[in-house]
Amino acid sequence: MTLDLITALVPLSGDSNPVWLLAAGPAGGAATYWAFYRYYRNTDKSHQFERDTLIKAQPVQGGEEKVGHISKTRDSDIDGDNSGNSRQRVQRVQ
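Sequential numbering from 1 applies to the sequence shown in UniProt numbering.
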């Protein structure tokens, strides 16, 4: 639509009457808006998880016994934690 408007206005404008320059702003804005909308929304490439992904239901596996309970301790952290080393904790996705 904006391309049709520009191609219609360019022959009408001469050196003394630059109408195409006035049409270039809104046409460029509309084209930029459309490009960003298509890039971020990409509705033509959307994926519906519930429809497109097949998940086979399986029974829950596990037991009900209580394991590893520690009570009344002053050591509130977990041995070997890496909370102080953020480079080790956060890995880059390749």
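By construction, the Cβ of each residue, glycine as well, lies at the ideal position given by its N, Cα and C atoms.
Query	Result
Runs of alpha helix (DSSP H) lying entirely within the UniProt region "Disordered" (56-94), each at least 4 residues, in chain order	86-89
Spatial distance of residue 19 from residue 38 (CA atoms)	29 Å
Three-state class that DSSP yields for residue 26 in the structure shown	helix
Reduced DSSP secondary structure (H/G/I, E/B, other) of residue 21	helix
Coarse secondary structure for residue 53, derived from DSSP in three states	coil
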